[in-house]
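Counting in my numbering, the sequence shown runs from 2 upward without gaps. Glycine included, C-beta positions come from ideal geometry on N, C-alpha and C. Some notes on the structure that comes next.
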Amino acid sequence: MGRYNDIFQKSISDPQGFWGKAAEAISWHKKWDKVLDDSNQPFYRWFAGGELNTCYNALDRHVESGRADQIALIYDSPVTKQVQKFTYRELRDATARFAGALRGLGVSKGDTVVIYMPMIPEAVTAMLACARLGAVHSVVFGGFAPNELAVRIDDAKPKVIVSASGAIEVSRLIEYKPMLDKAIELASHKPENCIVFQRPQVLAQLIAGRDHDWAELVAKSEPVDCVPVKATDPLYILYTSGTTGLPKGVVRDNGGHAVALQWSMEHIYNVRPGDVFWSASDVGWVVGHSYIVYGPLLAGCTTVLYEGKSVGTPDPGAFWRVISQHGVKVLFTAPTAFRAIKKEDPKGEYLKKYDLAGFKYLFLAGERLDPDTYHWASDLLKRPVIDHWWQTETGWPITANPMGIEEFPVKPGSSTMPVPGFDVRILDSNGKELGPDQEGIVAVKLPFPPGTLPTLWKNDDWFVKSYLAPFPGYYYTSDGGHKDRDGYFFIMGRIDDVINVAGHRLSTGSMEEVVSKHTAVAECAVIGARDALKGQLPVGLVVLKAGANGNQEEIRKELVKMVREQVGPIACFKQVAVVNRLPKTRSGKILRGTMRKIADGETYTVPATIDDPAILGEIETAMKGMGYGKDSSSRS
Ligand code: COA
Ligand code: AMP
2 MGRYNDIFQK SISDPQGFWG KAAEAISWHK KWDKVLDDSN QPFYRWFAGG
52 ELNTCYNALD RHVESGRADQ IALIYDSPVT KQVQKFTYRE LRDATARFAG
102 ALRGLGVSKG DTVVIYMPMI PEAVTAMLAC ARLGAVHSVV FGGFAPNELA
152 VRIDDAKPKV IVSASGAIEV SRLIEYKPML DKAIELASHK PENCIVFQRP
202 QVLAQLIAGR DHDWAELVAK SEPVDCVPVK ATDPLYILYT SGTTGLPKGV
252 VRDNGGHAVA LQWSMEHIYN VRPGDVFWSA SDVGWVVGHS YIVYGPLLAG
302 CTTVLYEGKS VGTPDPGAFW RVISQHGVKV LFTAPTAFRA IKKEDPKGEY
352 LKKYDLAGFK YLFLAGERLD PDTYHWASDL LKRPVIDHWW QTETGWPITA
402 NPMGIEEFPV KPGSSTMPVP GFDVRILDSN GKELGPDQEG IVAVKLPFPP
452 GTLPTLWKND DWFVKSYLAP FPGYYYTSDG GHKDRDGYFF IMGRIDDVIN
502 VAGHRLSTGS MEEVVSKHTA VAECAVIGAR DALKGQLPVG LVVLKAGANG
552 NQEEIRKELV KMVREQVGPI ACFKQVAVVN RLPKTRSGKI LRGTMRKIAD
602 GETYTVPATI DDPAILGEIE TAMKGMGYGK DSSSRS
């Protein structure tokens, strides 16, 4: 642990010196007054007094320093059968022009813009154009339903919404425009203007006066230059699922974010300018923000924007084809994408068709990399397969095997060491630090490094309450886990009601809100049950109102449809059982943890506080009926 140890210790003992030096890799319009401003604890601000522009750092400075003709972005879309490449100059010019279009609609520094788009280059241009103007973007993942989009519109209050006519999910066309219209109808905040990128596969009807055709607007707009913003000004808001139906608006600042991401590209992912980096995620998730868009571009790499899946577009060799065709050095995706490949091509026959000579590392995140998938991928690829743990809130990894610093021997099931800057501790429920191999709550000692959330959008109180109040002096991660005697971290999963479905973070609370709206439902619980492909799947248990028992099958179907329409298809809510009662404590708290254990076939102890232990038998039967629980084989 030579080099890593030195770097890690320095980052913790002297954060000012450490991050001040890292910040030299970024171009500043005005240098900061203070690297870390801790005068208003528990709030910390990085690079206070500094000014920069993130888009300038991601595009213009590379154009000016000799990378103008290097490919910045490769758009690879098996679903539309096309590959398009954009040099840094081309991407800068397209971005500057779209920024002009936004400015023409009145967008300026500090305004918010919601982006609801599929995986097309215009989504990247739209994000960078906001950054160019100092506007704050909020990208909403396309798999969310209008209702979820409406909630985000009401919180972010965008001046403009940027969208596209639709998406292509493998071979299915999904119209975005009707969903956008519905969301605006549902929202109280009405944006003045919408810009819609028309895709030839699916054309949208525009509403005169409000909607603008992307191409027409851009054609009559002039390019605009980068607007310097404060390091502490927000770059974006990204909504993420919490335990309630209301998503949390994670804020990312400009300065700390640019410094941290640039640093991470070299030290964690071991890439250099000119390398091809591919994050097979979606711009709607944090991984897409950090490692499709900002990280690789800040570092002068070539980034791949892939509009497809690991299987079905067209086959389980899709990832190998992209890696070999574009000379990808690093692939970053979620374990579930690899489980999908393993399911369809267990022997890895498709790999034999491609030359992967330039491929060096596979990084996985979004959920814990289970040892089976680790062994399968590692045996097949014969390259480092690296699990690293992070959250929307942190914006970059908290624990990782840092390939650019020192390669640690892998322990399957562990995401290895804390990333420099993150002082990770395991605490008990009273906030006392636990020793090696003791399972507890994972927390990070403050100050949080640059790039992590400074607050929640217009809600400092919620930020403090959610993350800082549980253990003063620490950031509360909501993940459980332990550290072993060699200092390796094992992150075992959420200890709240957030679930992880195919690497997507979802709130069971928001699904419960929808289910409980059904007129026949008296009460309900939605829990996450283990799934062999997607990691977890939501399972609903409902108690019907007296007299509503007649049409159980119909009610179940309606509930599935309601969640699909109101949360989105991405929730994968397909299983509901009707029960007579839900297990509760004597004070009325639903015993979700116990039901989760029953669903996963784990041994559980009957809680001493339960009001009626007999109910658990009925829950076991209901779970079995849906293929979960002790005697069920694992689902596929
Ligand atoms: N717009 C509209 N619908 C969408 C959508 C979008 N952008 N993205 C997904 N959906 C729909 C899907 O079509 C599917 O609908 P269905 O129920 O009608 O089949 C549903 O939402 C669930 O999608 P998904 O979870 O992607 O399931 P899948 O079976 O299509 O694909 C995997 C399975 C494993 C290949 C896929 O989930 C995957 O690659 N996951 C990796 C996720 C990831 O990269 N996460 C980021 C963290 S690194
Ligand atoms: P998101 O905010 O969508 O990135 O989801 C964050 C959550 O995903 C974390 O709180 C973890 O529960 C889970 N997660 C992400 N990466 C990992 C990992 N490598 N190991 C374990 N859990 C992970």
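- In the structure shown, Pro570 falls within a helical segment according to DSSP collapsed to helix, strand and coil.
- For Leu583 and Val544, the gap between their C-alpha atoms comes out near 7 Å.
- For the pair Val141 and Tyr117, the CB atoms are nearer than the 8 Å cut-off.
- Of all alpha-carbon atoms in Phe87, Pro336, Ser78, the one lying nearest the alpha-carbon of Asp70 is that of Phe87.
- Taking the CA atoms as reference points, Ser242 sits about 33 Å from Gln85.
- Shown here, Asn552 sits in a helix according to DSSP, grouped into three states.
- A residue is called buried once 16 or more other Cβ atoms fall within 10 Å of its Cβ, and Asp438, having fewer, is exposed.
- Between Ile427 and Val443, the C-beta gap is smaller than 8 Å, which places the two residues in contact.
- Remark: C-beta atoms of Glu308 and Met120 approach each other more closely than 8 Å.
- The beta carbon of Pro385 is closer than 6 Å to those of Tyr362 in its chain, skipping five residues each way along the sequence.
- Going by C-alpha positions, Trp397 is about 7 Å away from Gly452.
- Straight through space, the alpha carbons of Gly359 and Asp276 are spaced by roughly 10 Å.
- In this structure, Leu542 sits near Met596, with a CB-CB distance shorter than 8 Å.
- Under DSSP, Tyr76 forms a beta bridge with Gln85, Leu306.
- Around Gly474, the same chain offers Lys446, Leu447 as residues with beta carbons nearer than 7 Å, after the five sequence neighbours per side are excluded.
- For Ala281, the shortest separation between its Cβ and any heavy atom of the ligand COA lies below 7 Å.
- Ala609 sits exposed, since fewer than 16 C-beta atoms from the chains shown fall within 10 Å of its C-beta.
- Taking 7 Å as the cut-off, one finds no heavy atom of the ligand COA near enough to the beta carbon of Glu123.
- By the neighbour-count definition (other C-beta atoms within 10 Å, threshold 16), Gln567 is a buried residue.
- Not a single heavy atom of the ligand AMP lies less than 7 Å from the C-beta of Glu440.
- Separation of the CB atoms of Thr113 and Lys158 is rounded to 6 Å, and the pair is thereby assigned contact status at 8 Å.
- Take the alpha-carbon of Ala523 and the one of Gly441: they are about 35 Å apart.
- Contact between Ala232 and Gly51 is confirmed by a C-beta separation of about 4 Å, below the 8 Å threshold.
- Gln576: member of the beta strand (DSSP E) spanning 576 to 579, first to last residue.
- In this structure, the beta-carbon distance from Asp480 to Ile496 falls below 8 Å.
- With a beta-carbon spacing of about 29 Å, Ala168 and Gly135 fall beyond the 8 Å limit used to define contacts.
- Counting only runs of 3+ residues, the beta strand (DSSP E) found wholly inside the segment 387 to 466 occupies 424 to 428, 441 to 446, in chain order.
- The beta carbon of Leu60 sits no closer than 7 Å to any heavy atom of the ligand AMP.
- Nearest C-alpha to Asp487 among Pro410, Leu469, Trp463, Ile528: Pro410.
- In the DSSP assignment, Cys525 falls within the unbroken beta strand (DSSP E) covering 522 to 532.
- By the Cβ neighbour-count rule, Ser189 is exposed, with fewer than 16 other Cβ atoms within 10 Å of its own.
- Restricted to the segment 112 to 182, the beta strand (DSSP E) segments that are unbroken, complete and at least 3 residues in length are 113 to 117, 137 to 140, 161 to 165, 167 to 170, 173 to 176, listed in chain order.
- Distances from the CB of Trp321 to the heavy atoms of the ligand COA are all 7 Å or more.
- By the Cβ neighbour-count rule, Leu204 is exposed, with fewer than 16 other Cβ atoms within 10 Å of its own.
- Contact between Trp47 and Val64 does not hold, since the beta-carbon distance rounds to 27 Å and is not under 8 Å.
- Of the candidates Glu149, Leu174, Leu507, Leu106, the residue whose Cα lies closest to the Cα of Val163 is Leu106.
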